[in-house]
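Asker:
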Amino acid sequence: MADLLATLGQRVRALRIAHGMTQQQLADRVGLSRASITNVEGGRQGDIGVVNLVALADALGTTIADLTGTAPLAVEASPWLELARRVTESERVYRHLADEAWAAFDVTTAVRYRGRAEGLEMARNHHADVVAEQKSGGGAG
1 MADLLATLGQ
11 RVRALRIAHG
21 MTQQQLADRV
31 GLSRASITNV
41 EGGRQGDIGV
51 VNLVALADAL
61 GTTIADLTGT
71 APLAVEASPW
81 LELARRVTES
91 ERVYRHLADE
101 AWAAFDVTTA
111 VRYRGRAEGL
121 EMARNHHADV
131 VAEQKSGGGA
141 G
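In full-length UniProt numbering, the protein residues as written are 1 to 141.
Rendered as structure tokens:
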């Protein structure tokens, strides 16, 4: 059972990252808490349930067999994957800088950094939508 949970966790994390999603975004799509996603990815969520497992597979564009390791995981190498990772990291940096500026009462800088972070978040969300649309066959290619 521990091996199954570890495999599930590793595959959920790999697919979530490949889709450019945060744990919170995946949690919102599946209807779970972010803490539950953290536990799943860490191999600690033993009582996930079939309904949640199906929801996870759907949200990640895969099957239960892929998630549980009964089928080989096929994550396409995307030229946009590295871009999505860098955008996510840049967003985190700008949010941190904005928080520091707010703490120092530097409102102008805080607003500028927060705006950059929100723009990056919008780009990341758009990327996730495009990837999901392409995987569902709705993309133009």
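Ideal Cβ placement from N, Cα and C applies to all residues, glycine included.
(1) With the cut-off set at 9 Å, would you say Leu67 and Arg11 are in Cβ contact?
(2) Using the beta-carbon count (16 or more within 10 Å), is Gly9 buried or exposed?
(3) In three-state DSSP terms, what is Gly115?
(4) Below 8 Å, how does it come out for the segment 17 to 26 and the segment 121 to 131: are there three or more Cβ pairs, yes or no?
(5) Can you have a look at Val30 and say buried or exposed, based on whether 16 or more other CB atoms are within 10 angstroms of its CB?
(6) Please confirm whether Gly61 and Ser136 have their CB atoms less than 9 Å apart.
(7) Can you grab the Cα-Cα spacing for the pair Leu87 / Leu97, in whole Å?
(8) Can you give me the C-alpha to C-alpha distance between Ala104 and Ala65, rounded to a whole angstrom?
(9) With C-beta atoms as the reference, is Gly20 less than 9 Å away from Arg114?
(10) Leaving out five residues before and five after Arg16 in sequence, what residues of the same chain have Cβ atoms less than 6 Å from its Cβ?
(11) Span of the alpha helix (DSSP H) holding Thr38?
(12) At what residues does the alpha helix (DSSP H) containing Gln45 begin and finish?
Answerer: With the given structure in hand:
(1) Locating residue 67 in the sequence shown gives position 67, where the first residue counts as 1. Locating residue 11 in the sequence shown gives position 11, where the first residue counts as 1. It is a contact, given that the beta carbons lie within the stated cut-off.
(2) Start at 1 with the first residue of the sequence shown, and residue 9 comes out as number 9. It counts as buried.
(3) Translated into the one-based positions of the sequence shown, residue 115 becomes position 115. DSSP places Gly115 in helix when its eight states are reduced to three.
(4) The segment 17 to 26 is in contact with the segment 121 to 131.
(5) Here the question's residue 30 lines up with position 30 in the sequence shown. When all chains shown are included, Val30 counts as buried.
(6) Position 61 of the sequence shown holds residue 61. Position 136 of the sequence shown holds residue 136. One thing to note: Gly61 has its Cβ within 9 Å of the Cβ of Ser136.
(7) Locating residue 87 in the sequence shown gives position 87, where the first residue counts as 1. Locating residue 97 in the sequence shown gives position 97, where the first residue counts as 1. According to the sequence as given, residue 87 is Val; it is not Leu. Our two residues, Val87 and Leu97, have alpha carbons roughly 15 Å apart in a direct line.
(8) For this step, residue 104 is matched to residue 104 along the sequence shown. For this step, residue 65 is matched to residue 65 along the sequence shown. For Ala104 and Ala65, the distance between alpha carbons rounds to 50 Å.
(9) Locating residue 20 in the sequence shown gives position 20, counting from the first residue. Locating residue 114 in the sequence shown gives position 114, counting from the first residue. Taking the C-beta atoms as reference points, Arg114 is found no nearer than 9 Å to Gly20.
(10) Here the question's residue 16 lines up with position 16 in the sequence shown. Leu26, listed in sequence order.
(11) Working through the sequence shown from its first residue, we reach residue 38 at position 38. Thr38 -> alpha helix (DSSP H) spans Arg34 to Glu41.
(12) Residue 45 sits at position 45 when you count from the first residue of the sequence shown. In the DSSP annotation of this structure, Gln45 is not part of any alpha helix (DSSP H), being labelled neither H nor E.
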